[in-house]
Amino acid sequence: MRWLEEGLVTALDSLGLQAVRRDTPPKAQSLVGVWTPEHRKVASIGMRIRGGVTSHGFALNIAPDLGAFSTFTACGLPEVAMTSLSDMAAALGRPAPTEQAVRDAVAAALGAV
Numbered sequence: 083m084r085w086l087e088e089g090l091v092t093a094l095d096s097l098g099l100q101a102v103r104r105d106t107p108p109k110a111q112s113l114v115g116v117w118t119p120e121h122r123k124v125a126s127i128g129m130r131i132r133g134g135v136t137s138h139g140f141a142l143n144i145a146p147d148l149g150a151f152s153t154f155t156a157c158g159l160p161e162v163a164m165t166s167l168s169d170m171a172a173a174l175g176r177p178a179p180t181e182q183a184v185r186d187a188v189a190a191a192l193g194a195v
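Whatever position you read off the sequence shown (first residue = 1), add 82 for this note's numbering.
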């Protein structure tokens, strides 16, 4: 899961969008996923083990309707605020990256990790 985080952080960096892993004191337990420096979550990561096989996956918010997140507790953490790549780019006064640009950046970054 940490490799997925690293790959997504690297991909976003290549798109000019700053993202981080989020650690919380006192035990520095990591909150799994990818976050903005302002602690808004932009990507969720999950895993499952079934029949002795581990599967991993992620959901990267490119340009969803974030209103849907008000209908449930994201990641089981009531204080989590979600964001998207389009909102991150807008905050910088830039156009949002295209879905293809995001796909290419993620593929390159995960391949490197």
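Just so it is clear, CB atoms sit at the ideal spot from N, CA and C, and this is done for glycine as well.
Sequence-distant residues of its chain with Cβ nearer than 8 angstroms to residue i (five each side left out)
i: Met83; result: Val114, Ile127, Met129 and His138
i: Pro146; result: Ser166
i: His121; result: Arg104 and Ala163
i: Asp95; result: Ala101
Own chain partners of residue i with C-beta closer than 7 angstroms, once the 5 adjacent residues on each side are dropped
i: Phe140; result: Leu86, Leu90, Ala125, Ser126 and Ile127
i: Ala171; result: Leu99, Pro177, Ala178 and Pro179
i: Gly133; result: none
i: Gly149; result: none
Buried/exposed call for residue i, threshold 16 Cβ in 10 Å
i: Ala93; result: buried
i: Ala101; result: buried
i: Val184; result: buried
i: Leu142; result: buried
Start and end residues, beta strand (DSSP E) containing residue i
i: Arg84; result: Segment Arg84 to Ser96 is the alpha helix (DSSP H) holding Arg84; no beta strand (DSSP E) there.
i: Gly128; result: Arg122 to Arg132
i: Leu142; result: Val135 to Leu142
Beta-carbon contacts of residue i that lie in its chain and below 6 angstroms, excluding the five residues immediately before and after
i: Arg104; result: Leu113 and Trp117
i: Ala191; result: Gly89, Thr92 and Ala93
i: Leu97; result: Pro179 and Ala187
i: Val195; result: Trp85, Glu88 and Gly89
i: Phe151; result: Met164
Limits of the unbroken alpha helix (DSSP H) element including residue i
i: Ala150; result: It is not in any alpha helix (DSSP H) - Ala150 carries neither H nor E in the DSSP assignment.
i: Leu167; result: Leu167 to Ala173
i: Val184; result: Glu181 to Ala194
DSSP bridge partner residues for residue i (one or two, in chain order)
i: Val162; result: Partner(s): none; Val162 has no beta bridge.
i: Thr118; result: None; Thr118 has no bridge partner.
i: Leu113; result: Arg104
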